[in-house]
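Visitor: The structure's right below; bear with me while I get my questions together.
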Ligand SMILES: [Ca+2]
Ligand SMILES: [Ca+2]
């Protein structure tokens, strides 16, 4: 997966969301950050995936953790939000984007 492309798309996607949807993205981030320290650790990330029934993946975490500090900040989580929303959790590919929303 071309993460730079995903990230660019995620940023554009987020920028075009309504206030309500942006709030939803924020809540999504807060729901991942279960201890409320402002970053989503790998453990928090994995327990979220487990809870939501997504397979995998440490690979995706490494991909999402762009600055390599072993935690996902809000911006990094936006990419995850985008992937889940737009690609229906298709961290494992599939037909790509037939309906791009940006
Ligand atoms: Ca945390
Ligand atoms: Ca990070």
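In the working numbering, the protein residues as written are 930 to 1031.
No residue lacks a Cβ here, since even glycine has one placed at the ideal position from N, Cα and C.
If you're wondering where the values come from, they're calculated on a predicted model, not measured in any experiment.
#1: Please report how far the alpha carbon of residue 990 lies from the alpha carbon of residue 1001, in whole angstroms.
#2: Would the beta-carbon of residue 932 fall within 8 Å of that of residue 1007?
#3: With distances taken Cα to Cα, identify the nearest neighbour of residue 924 among 950, 1009, 940 and 946.
#4: Going by the C-beta, is residue 996 closer than 7 Å to any heavy atom of ligand 1?
#5: Can you name the start and end residues of the alpha helix (DSSP H) that residue 963 belongs to?
#6: Take residue 992 and list the residues in its own chain whose beta-carbon comes closer than 6 Å to its own, dropping the five residues that flank it on each side.
#7: In angstroms, rounded to a whole number, what distance separates the CA positions of residue 976 and residue 961?
#8: Can you tell me the Cα-Cα spacing of residue 968 and residue 940, whole angstroms?
#9: Going by C-alpha distance, which of 956, 957, 998 and 938 is nearest residue 970?
Guide: In terms of the structure at hand:
#1: Counting from one through the chain shown, the residue named residue 990 turns up at place 61. Counting from one through the chain shown, the residue named residue 1001 turns up at place 72. In a straight line, the C-alpha of residue 990 is about 8 Å away from that of residue 1001.
#2: The residue given as residue 932 occupies position 3 in the chain shown. The residue given as residue 1007 occupies position 78 in the chain shown. For residue 932 and residue 1007, no; Cβs fall outside 8 Å.
#3: As displayed, the chain neither begins before 930 nor continues past 1031, which places residue 924 out of reach and without an answer.
#4: As a working mapping, residue 996 is identified with position 67 in the chain shown. Between ligand 1 and residue 996, a heavy atom-to-CB distance of less than 7 Å is absent.
#5: Reading the chain shown from its first residue, position 34 is the one you call residue 963. Note, residue 963: premise wrong, no alpha helix (DSSP H); not H, not E.
#6: Residue 992 sits at position 63 when you count from the first residue of the chain shown. These residues qualify, in order along the chain: 932.
#7: In the chain shown, the residue the question calls residue 976 occupies position 47. In the chain shown, the residue the question calls residue 961 occupies position 32. Each residue's alpha carbon lies about 9 Å from the other.
#8: Locating residue 968 in the chain shown gives position 39, counting from the first residue. Locating residue 940 in the chain shown gives position 11, counting from the first residue. Their backbone Cα atoms lie some 18 Å apart in a straight line.
#9: The residue given as residue 970 occupies position 41 in the chain shown. The shortest C-alpha separation from residue 970 is found at 998.
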